[in-house]
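Trainee: A single structure is presented below for examination.
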Amino acid sequence: MSCHDIGRGMNDVVRRTITLYDRNEIALEPAKKIIATCENAVNWCDGNSYEALDYIRRCRCGKCLKLVPKGEKLYSIYDLPYEYENKYPYMQEELELASDGLCEECFDRLMPAYCYGDWNIESMKKYIENDDSNSDGCLSEGQHREFNNKHLWREATYWYEL
Ligand SMILES: [Zn+2]
1094 MSCHDIGRGM
1104 NDVVRRTITL
1114 YDRNEIALEP
1124 AKKIIATCEN
1134 AVNWCDGNSY
1144 EALDYIRRCR
1154 CGKCLKLVPK
1164 GEKLYSIYDL
1174 PYEYENKYPY
1184 MQEELELASD
1194 GLCEECFDRL
1204 MPAYCYGDWN
1214 IESMKKYIEN
1224 DDSNSDGCLS
1234 EGQHREFNNK
1244 HLWREATYWY
1254 EL
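End of the sequence shown sits at 1255 in our numbering; the numbers just go up one at a time, nothing left out.
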């Protein structure tokens, strides 16, 4: 059985990172690197990376960190067709993504270059949009998750403000 505590802890750091980024206290690239580290850090226990990213992965683009408006496309690279499966382990790293979701603008810009023009990008998008097994859907929730993996957020007890 996997550990959910480390995912919740790392998700708390992700939330903090996004808060600082939105206040222009840290820049885009450092923010993404901290978030990517949070995802990776769940491996210090038997954690789940999606739990570390719960705060952002259904509303923020993993490349540009834009908050995608509710109902707009947010394509997860995990939902790409099976024939690209062998690319999955490397895609997030090679595209330097903080999470698996891409806004449509980043998807359209990054994917053709990534596949050297070999893939039909429009059919790839249609596949993700129409995939019934895609439990996450591909539409942005438009806002951050209200809870930390369905648990109440802890009160900030330190000198900083959220
Ligand atoms: Zn983007």
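The C-beta atom is built at its ideal place from N, Cα and C for all residues, glycine as well.
Which residue wins for smallest C-alpha separation from LEU1146, given the options ASP1105, ILE1221, LYS1218 and ARG1247?
Mentor: In the sequence shown, the residue the question calls residue 1146 occupies position 53. Measuring from the Cα of LEU1146, the nearest candidate turns out to be ASP1105.
Trainee: Where does ASN1241 sit, in a helix, a strand or coil, going by DSSP?
Mentor: Numbered from 1 along the sequence shown, position 148 holds the residue referred to as residue 1241. Strand.
Trainee: CYS1152 and HIS1244 - do their beta-carbons sit closer together than 8 Å?
Mentor: Sequence index remark: in the sequence shown, residue 1244 carries index 151 (1-based). Sequence index remark: in the sequence shown, residue 1152 carries index 59 (1-based). No, Cβ-Cβ distance for HIS1244 and CYS1152 is not below 8 Å.
Trainee: Hey, TYR1168 and CYS1231 are a contact pair by Cβ (cut 8 Å); roughly how many whole angstroms apart?
Mentor: Translated into positions along the sequence shown, residue 1168 becomes position 75. Translated into positions along the sequence shown, residue 1231 becomes position 138. That pair is a contact at about 6 Å.
Trainee: In three-state terms, what does DSSP make of TYR1168?
Mentor: Against the sequence shown, residue 1168 aligns to sequence position 75. Of the three classes helix, strand and coil, the one that applies to TYR1168 here is strand, per DSSP.
Trainee: Contact between the segment 1209-1221 and the segment 1185-1196: three or more CB pairs below 8 Å?
Mentor: Contact between the segment 1209-1221 and the segment 1185-1196 is absent, because fewer than three Cβ pairs lie under 8 Å.
Trainee: Return yes when at least one heavy atom of ligand 1 lies under 7 Å from the C-beta of CYS1096, else no.
Mentor: Start at 1 with the first residue of the sequence shown, and residue 1096 comes out as number 3. Because no heavy atom of ligand 1 lies under 7 Å away, the Cβ of CYS1096 does not count as near it: no.
Trainee: Taking DSSP's pairing of strands, which residues face LEU1195 in a bridge?
Mentor: Numbered from its first residue, the sequence shown carries residue 1195 at position 102. Answer by DSSP bridge pairing, in chain order: TYR1168.
Trainee: For ligand 1, is there a heavy atom less than 7 Å away from the beta-carbon of LEU1160?
Mentor: Sequence index remark: in the sequence shown, residue 1160 carries index 67 (1-based). Flag unset: Cβ of LEU1160 not near ligand 1.
Trainee: Within this structure, are the beta carbons of ALA1134 and MET1103 separated by less than 8 Å?
Mentor: If you number the sequence shown from 1, residue 1134 lands on position 41. If you number the sequence shown from 1, residue 1103 lands on position 10. For ALA1134 and MET1103, yes; Cβs fall inside 8 Å.
Trainee: Taking the alpha-carbon positions, what's the SER1233 to LEU1158 distance?
Mentor: The residue given as residue 1233 occupies position 140 in the sequence shown. The residue given as residue 1158 occupies position 65 in the sequence shown. Straight across, the Cα-Cα distance linking SER1233 with LEU1158 is about 13 Å.
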